[in-house]
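Asks: Counted the way our numbering counts, the sequence shown spans residues 163 to 579.
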Amino acid sequence: MLPTTAKLPFAKQIKPPLLLPHRAVALGAVQRRLFGRTALVPDVDLDAYRFQVVIDWIEFHVHFNHATQVQHVQQVLRGFHDRNSYIHAQEEGLGRTFDRCTIKVQEPKTLAQITQMHRALAEHFGEASESRVRGIEVSIDAYPAQPSHEARATLLGALQRTIWTGRNIWWNPDSRPRTVFGKGEGYYYKLSPEPEIEARVNSAKQNDELVSRLDPFHHRVIPIDGTMFLGAKYDDVMIRVMDKVIDAQRPDGTRKNLSDDQKRVRIEVTVKGDELAAVGITNIPSLQKLKLTTFQKSYFQFRLPTFSYRDNPKTGADAMHNARQIWRARTYLRSGLTGLMARDAEAGAVQAKMKKGVQKTLRTMNLVKPRTWAGKRLAPTFSSWEQLNRKMHLAFRDMERREATARRKVARKKVMC
163 MLPTTAKLPF AKQIKPPLLL PHRAVALGAV QRRLFGRTAL VPDVDLDAYR
213 FQVVIDWIEF HVHFNHATQV QHVQQVLRGF HDRNSYIHAQ EEGLGRTFDR
263 CTIKVQEPKT LAQITQMHRA LAEHFGEASE SRVRGIEVSI DAYPAQPSHE
313 ARATLLGALQ RTIWTGRNIW WNPDSRPRTV FGKGEGYYYK LSPEPEIEAR
363 VNSAKQNDEL VSRLDPFHHR VIPIDGTMFL GAKYDDVMIR VMDKVIDAQR
413 PDGTRKNLSD DQKRVRIEVT VKGDELAAVG ITNIPSLQKL KLTTFQKSYF
463 QFRLPTFSYR DNPKTGADAM HNARQIWRAR TYLRSGLTGL MARDAEAGAV
513 QAKMKKGVQK TLRTMNLVKP RTWAGKRLAP TFSSWEQLNR KMHLAFRDME
563 RREATARRKV ARKKVMC
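(1) Whose CA, out of Gly255, Gln275, Val300 and Trp489, lies closest to the CA of Phe379?
(2) With DSSP as the reference, identify every bridge partner of Ser291, one or two as the case may be.
(3) Just tell me which of Ala313, Val342 and Gly393 has its CA closest to the CA of Pro335.
(4) Which residue marks the beginning of the beta strand (DSSP E) containing Leu318, and which one marks its end?
(5) Taking Pro339 and Phe172 to be in contact with their CB atoms under 8 Å, please state how far apart those CB atoms are, rounded to whole angstroms.
(6) So, for Leu376: in the same chain, excluding its five sequence neighbours on each side, which residues have a beta-carbon less than 8 Å away from its beta-carbon?
(7) So, are the CB atoms of Ala557 and Gln458 less than 9 Å apart?
(8) Does DSSP classify Ile384 as helix, strand or coil?
(9) Determine the contact status of Asp405 and Val427, defining contact as a CB-CB distance below 9 Å.
(10) With Pro270 and His243 assumed to form a contact (beta carbons below 8 Å), what rounded beta-carbon distance in angstroms separates them?
(11) Is the distance from the Cβ of Ala320 to the Cβ of Pro204 below 9 Å?
(12) Using C-beta distances below 8 Å, list every residue in its chain close to Thr341, excluding the 5 sequence neighbours before and after it, in chain order.
(13) Would you list the one or two residues that DSSP bridges to Val215?
(14) At what residues does the alpha helix (DSSP H) containing Val232 begin and finish?
(15) What's the C-alpha gap between Gly478 and Phe343?
(16) Phe462 and Asn551: beta carbons closer than 9 Å?
(17) On the criterion of 16 or more Cβ atoms from any shown chain inside 10 Å, does Asp409 qualify as buried, or is it exposed?
(18) So, helix, strand or coil for Thr264, using DSSP?
(19) For Gly190, which three-state DSSP category applies?
(20) Is there contact here, the segment 486-500 with the segment 322-336, by at least three beta-carbon pairs under 8 Å?
(21) Less than 9 Å separating the beta-carbons of Lys161 and Arg296?
(22) Give the secondary structure of Pro179 by DSSP, where H, G and I count as helix, E and B as strand, and everything else as coil.
Written out as C-alpha cells, the structure reads:
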C-alpha cells in the first residue's frame, strides 16, 4: 500500500513532529493521462479556514517636473495612507532635493489607493515622464475558524506539499526549493539534492558517497516553523509559504508577536522585472485594468500527486512498479511536489540513459532496434486540487470586488472635484 502520512517536524525547537494524514482517492476519467491513478489528498477541512488576499506592498518609480524633498512627498502620501512609505531619492542635489524617486507603499488597502496617491503626486510636483511599477507583493492569509497552532500547522503542511509552480526553479542554485528557520549559516537547507543525477556529498563520514534524487530519504522534510522558499530574492518571481506569527513590517521597524486570532498561514508572492508585464502591470494607470485573479492563476496554484499503484501484483515487474510508486509517495510526503518533480525528472533521465545504452549495444550486435519507447510526457502526473484552488479563486474575486468599489469611489470624488 502507498504510505499516506506526512511528518510535520519542528526546526526551531525539540518537539515531536505533528502528523498530516492523506486520503487515497481513485481518479476517474478526468483526464486520459490520469485515468486509473490514485491521488493523495491532504486530510484537511478547508471550510474551517477563512482565506483573504492582501497587497503587502507595491513599489513604483516617479519622475517629477521640479525638485522636491522627501518630507514633502511623504506629506502627500500620508493624505491617503495612515503610515509612512519608503521613499528612495535618486541623484540628490543641494538641500537634499531630487526630481526622481522610488516609492514603496506598505499594505495599501487597494490598488485604487495607489492610483490616488500617484494622481496627487502629479498634481503637486508635475510628472516629467510616466510612472513605472517596479514590483508588487501579494499574499493570501488563511485564518483558522478555531485559532490554534495545530490548525495552522495542518494547513501549512498541506500547502507546503501541494504548491505548484511552472517556473524553472532548478537552473539557479539560489532559486531551488529550500526552508529557512533562522539567520546565518546552519539555519536553512535545500529540500532536494542537486539536479545532477549523481551529486557528491563532501563530508568526513560520507566522502564521495553518491546521492541520488531517486531515494526519498535524500529529500529533506519541510519543517512547519520555517519559511519555505521557491525562487531567489532577485528572481522575477519568488514564493514564500509560512506560519505568520510575527509582524515584521511595522511602521516603526519593530517586531510584534501576533495574538492567536491574528496568527495565520501565509503565502507571499513577489513579482518584479519582466514578470510584471506578463500579468498586465506596467505603469500606475495599468493598475486600474489589472485583474487580480491573474495572480491566482499564475502563482497560487495547488496540485495533488498521483500514483499508478497496482493492487494484487502478480509478477516481479508489478512488485518493482509498486516499489517505485511507494518511493514516489515517500518523496512527496517528505518534500512535497517540488521534491517529487525532482525525483521524476531524475527517473526520466536515468531511463533515457538506459535506453541509449541498450540501443548502442543492439547496434553493435547488429540486432533489430527495439520498439520506440513512449514519448516524453507532456505534463507531470499531478491533478489539480480543485477545492483549494476554488478557495483561492474566491479570495481573489472578493479582492477584485473591493477594488471595483474603491475605483467607483475614486471616480465619484474626481467628478465632484
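Cβ coordinates follow ideal geometry from the N, Cα and C atoms, glycine included.
Replies: Taking the coordinates as given:
(1) Trp489
(2) His225
(3) Gly393
(4) Premise fails: Leu318 lies in the alpha helix (DSSP H), His311 to Thr324, not in any beta strand (DSSP E).
(5) About 19 Å separates the two Cβ atoms, so there is no contact after all.
(6) Trp489, Arg505, Glu508, Ala509 and Val512
(7) yes
(8) coil
(9) yes
(10) 7 Å
(11) yes
(12) Ala173, Tyr350, Tyr351, Leu353, Arg382, Ile384, Pro385, Gly388, Thr389, Met390 and Phe391
(13) Ile302
(14) Val232 to Arg240
(15) 44 Å
(16) yes
(17) exposed
(18) strand
(19) coil
(20) yes
(21) What is shown of the chain runs 163 to 579, which leaves residue 161 out entirely.
(22) coil
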